[in-house]
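For the protein sequence lines, the chains are Z and F, in the order given.
Per this note's numbering, the first sequence starts with residue 28, numbered consecutively.
Per this note's numbering, the second sequence starts with residue 28, numbered consecutively.
Positions of the beta carbon are idealized from the N, C-alpha and C atoms, including for glycine.
Keep in mind it's a predicted model, so treat the numbers as computed, not measured.
Protein chains: 2
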Amino acid sequence: MHQKKDAPLKAPRLDVHNSDVPVLCRACEARHKGICGSLTPDQLIQLSRHTTKHAYRSQSELISVGEDVHTYSNILSGVVKLTKLMADGRQQIVGLQFAPDFLGRIFSQQSSYSAEAATDVRVCSFPKSVVEDLTRTAPNMEHALHEQTLKELDEARDWMLTLGRKTATEKVASFLYLIASNIDPEMVDESPVIRFELPLKRLEIADFLGLTIETVSRQITKLRKANIIELVNNRTVIVPSMARLEAACENDE
Amino acid sequence: MHQKKDAPLKAPRLDVHNSDVPVLCRACEARHKGICGSLTPDQLIQLSRHTTKHAYRSQSELISVGEDVHTYSNILSGVVKLTKLMADGRQQIVGLQFAPDFLGRIFSQQSSYSAEAATDVRVCSFPKSVVEDLTRTAPNMEHALHEQTLKELDEARDWMLTLGRKTATEKVASFLYLIASNIDPEMVDESPVIRFELPLKRLEIADFLGLTIETVSRQITKLRKANIIELVNNRTVIVPSMARLEAACENDE
DNA sequence: CGACGCCTTGATCAACTTCAAATTTTGTGG
DNA sequence: CCACAAAATTTGAAGTTGATCAAGGCGTCG
């Protein structure tokens, strides 16, 4: 419960020598991001002792509804979709998570949604108990998780506006805008032209937007004809002007 | 930063003599609920030093989008709606909060939604800085806020399913079910018959469900004719069987 | 090549919205 | 307490958007 006295609570020293950092974490792309980025070397060591890395194939299930959760994870690469299913088969994607997001409903025995890999996914997993112990004893850990929860809540509420009040075209534009903003394109950040791969297939986009496949397809065609996007192929999109795409999120024309 | 040594961090003593509790809090209906319920007497004293109580008329604004937030509040009574507005006037309610919920987007300068009183509302307000200081120094405070944020996130995601995939009738049934579950009726808890006042008018229900007033009105009529609800007057609803209402949340017939 | 999965396109249909008006409820002043 | 205006709700008819049903095209993998 006590902090090492030269590792102050609110300003974890990120400039420590690498030898303080666990081997497993040293080459980790998420080391300075997400939850790990806000841990002290001590805490990182404690966490990494029981850490394992896993890879999941696209469409495989990471967490299923109602099943007891025993681990939490950091997403290292790929996209995870959180889905809810109604008794009659209707489905809704209630969240998308990207690296380096933290995955898993903390402080709860069960998850009220299932988490599936939308693309191939790599994660770094921690036993539930280790995360929860660390959360109890390290206020900065709980703070980092709290910040992520707040971010997810903001995103969920933004999406509620999209689901409740936008037209089909606006919904699809909003989706493309969301992906364009989250998938870091390998190109210049401020390039006016953005190119990226869609992490979801049409059915998944439909389930995220509360539409049908056919409607999604038609709206993509419509945006293409309006020169708001170009399609290199089904999955690869070019956005000539992010400003025009952003405008399309609130205007059908 | 230090806890009083006889007030352990994780198990605040709630059985302390009342004289330890600030005068303002002693008769407070939220004293043992919400955030305050998880504070130690010490922390309660610290918080209460700068606390003020306020009343708001129905439809008045507690927090507006883009405006800097200087206080956080606990809701003592009434219902608060969180709303988002599009440039062309389309509106979506992205959350409803009831006593003793904590109100205000912590750790953020600005709110991305506005908060309005749906009914007359009474709140207990704290200066932003006091809450944030307490959060920094008292892990149990941050934990309590984190739990509330997680609860709101779960609710938001449940509602995304409602907005994205349910029919108009199911949406209205889901709304009635939500209210029936949150407004504690003054009657026996396990009574099969529940009676309550709707805290929202038709336009607000429509904005919560992503529908129009007319559609909401028609679906209410439909539920009434199907004997799933009875209307005492526009605002007062009787639910003869919560089980049947719950079923209506997933089945149009 | 052929089968399968995925996506697009077309035609029709139903749900919900829009527009319009009637009716009920609420609030205010005499 | 009543009268009247304003606000809120309901109801009806017509119009649109997106869903459903039905084919057909494209790309990949055996």
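Check	Outcome
Against chain F: residues of the stretch 180-200 of chain Z by CB proximity under 7 angstroms	Leu180, Asp181, Ala183, Arg184, Trp186, Met187, Leu188, Leu190, Gly191 and Arg192
Simplified DSSP state of His170 (chain F), which is helix, strand or coil	helix
Element boundaries [beta strand (DSSP E), containing Asn278 (chain F)]	First-last for Asn278 (chain F): undefined, no H or E at that position.
DSSP three-state assignment for Val215 (chain F), whether helix, strand or coil	Confidence is the limiting factor: at Val215 (chain F) the pLDDT is only 48, short of 50, which leaves the residue's position unreliable and the question unanswerable from this model.
Coil, strand or helix - Cys151 (chain F) by DSSP	strand
Burial state of Leu68 (chain F), where buried means 16 or more other Cβ atoms lie within 10 Å	Inspection of the sequence shows that residue 68 (chain F) is occupied by Pro rather than by Leu. Flag for Pro68 (chain F) reads buried.
Same chain, Cβ closer than 7 angstroms to Ser155 (chain Z), five either side skipped, listed in chain order	Per the sequence presented here, residue 155 (chain Z) reads as Lys, with Ser not at that position. These residues qualify, in order along the chain: Val96, His97, Thr98 and Tyr99.
Closest Cα partner of Pro78 (chain Z) within the set Z:Ile120, Z:Val158, Z:Phe134 and Z:Pro219	Here residue 78 (chain Z) turns out to be Thr, not Pro, going by the sequence shown. Measuring from the Cα of Thr78 (chain Z), the nearest candidate turns out to be Z:Val158.
Cα-Cα separation between Ser91 (chain F) and Asn260 (chain Z), rounded to whole angstroms	43 angstroms
Cross-strand partners of Gly122 (chain F) (DSSP beta bridge)	F:Leu109
Short Cβ contact (8 angstroms threshold) for Val148 (chain Z) with Pro226 (chain Z)	no
Same chain, Cβ closer than 6 angstroms to Ser75 (chain F), five either side skipped, listed in chain order	Pro49, Leu51 and Cys52
Nearest-angstrom Cβ-Cβ length linking Leu66 (chain F) and Met168 (chain F), presumed shorter than 8 angstroms	7 angstroms
Simplified DSSP assignment, three categories, for Ala142 (chain Z)	strand
The alpha helix (DSSP H) enclosing Glu94 (chain F), as first and last residue numbers	Run containing Glu94 (chain F): none; DSSP gives neither H nor E here.
Cut-off 6 angstroms between Cβ atoms - residues of its own chain near Lys111 (chain Z), not counting five sequence neighbours on either side	Gln119, Val121 and Tyr140
Contacts that Glu277 (chain Z) makes with chain F (C-beta to C-beta distance below 8 angstroms)	Met113, Ala114 and Asp115
Min CB distance Tyr99 (chain F) to chain Z below 8 angstroms	no
Leu172 (chain Z) at chain F interface by Cβ criterion, 8 angstroms	yes
Contact check, Leu172 (chain Z) vs Thr162 (chain Z), beta carbons under 8 angstroms	yes
Distance between Arg229 (chain F) and Glu241 (chain F) (C-alpha atoms, nearest Å)	9 angstroms
Closest residue to Ser135 (chain Z) among F:Lys249, F:Cys63, F:Cys276 and F:Gln175 (Cα-Cα distance)	F:Gln175
Own chain residues within Cβ distance below 7 angstroms of Ala195 (chain F), not counting five before or after	Leu238, Thr242 and Gln246
Candidates F:Ile102, F:Gly191, F:Thr164 and F:Ser87, of which the one nearest Ala145 (chain F) by Cα	F:Ser87
Short-range partners of chain Z found in the stretch 129-141 of chain F, where Cβ spacing is below 9 angstroms	Arg132, Ile133, Phe134, Ser135, Ser139 and Tyr140
Distance, Gln70 (chain Z) Cα to Asp160 (chain Z) Cα	11 angstroms
Contacts of Val121 (chain Z) in chain F (Cβ-Cβ under 7 angstroms)	Arg184, Met187 and Leu188
Cα-Cα separation, Leu103 (chain Z) to Arg132 (chain Z)	18 angstroms
Any chain F beta carbon closer than 8 angstroms to Gly282 (chain Z)	In the structure displayed, chain Z extends from 28 to 280; residue 282 (chain Z) sits before or after that span and is not available.
Assigned secondary structure, Ser87 (chain F) (DSSP; H/G/I helix, E/B strand, else coil)	coil
CB contact check: Pro166 (chain F) to chain Z, cutoff 8 angstroms	yes
C-beta contact flag for Phe202 (chain F) and Ile210 (chain F) at 8 angstroms	no
Exposure label - Lys80 (chain Z); buried when at least 16 CB within 10 Å	exposed
Contact set between Leu27 (chain Z) and chain F, taken where Cβ atoms lie within less than 8 angstroms	In the structure displayed, chain Z extends from 28 to 280; residue 27 (chain Z) sits before or after that span and is not available.
Cutoff 8 angstroms: Glu169 (chain F) Cβ touching any chain Z Cβ	yes
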